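**Student:** Have a look at the structure that comes next, please.
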Amino acid sequence: MAMKYFNKAQSKEISSLNIDGINAFLQDTVASENEAAPISGGFFRMEAGNPLEYTYSYDECKIMLEGEMSLTEKGGETVQMKPGDVVYFDAGTTITFSSESSGTAFYVGQRKFGVL
């Protein structure tokens, strides 16, 4: 089947990353079945609390859906993401995520389903 439809996907529960003191949540929703060039997409939420630092081993882009989120590239700039904003990360990029309240984004990454 070439098309997959996920009704009300944004309203589904987003699982905690289970990192003490960090209120970060991530849930893969969809993935390709292409072993040579996998693509996964899903939802990421960051809530107020300690920041999350993450180094990408794959290329990824995000679009901010609701709320706000601060992203700081290691050794680089900080951006304040708001709904409608898009960001792209090359593999090897280290980003620190934080939020003064809460923010949710949809991501698409060049990785297998469930593999961080």
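Numbering-wise, this note's numbering comes out as the position in the sequence shown, counting from 1, plus 3. We put the beta carbon where it would ideally sit given N, CA and C, even for glycine. Predicted, not measured: the structure shown is a model, and the values here were computed from it.
1) Determine the extent of the beta strand (DSSP E) in which A34 is found, giving its start and end residues.
2) Give the DSSP bridge partners of R48, in chain order.
3) Can you tell me which of the three DSSP states Q83 falls into?
4) Using a C-beta cutoff of 8 Å, does F46 count as contacting chain B?
5) Should D62 and F116 be called a contact, given that it needs their Cβ atoms to be closer than 8 Å?
6) For T107, count neighbouring C-beta atoms within 10 Å of its own C-beta (all shown protein chains included) and say buried if the count is 16 or more, exposed if not.
7) Give the secondary structure of S18 by DSSP, where H, G and I count as helix, E and B as strand, and everything else as coil.
**Tutor:** In terms of the structure at hand:
1) In the sequence shown, counting from the first residue as 1, residue 34 sits at position 31. It spans A27 to A34 - the beta strand (DSSP E) in which A34 sits, taken as one unbroken run.
2) Numbered from 1 along the sequence shown, position 45 holds the residue referred to as residue 48. BP columns for R48 point to F28 and T107.
3) The residue given as residue 83 occupies position 80 in the sequence shown. DSSP places Q83 in strand when its eight states are reduced to three.
4) Of the protein chains in this structure there is only one, and it is not chain B.
5) Position 59 of the sequence shown, counted from the start, is the residue given in the question as residue 62. Position 113 of the sequence shown, counted from the start, is the residue given in the question as residue 116. Between D62 and F116, the C-beta spacing is not below 8 Å.
6) Here residue 107 refers to the residue found at position 104 when the sequence shown is read from its first residue. By the neighbour-count rule (16 or more Cβ atoms within 10 Å), T107 is buried.
7) Sequence index remark: in the sequence shown, residue 18 carries index 15 (1-based). Coil, per DSSP.
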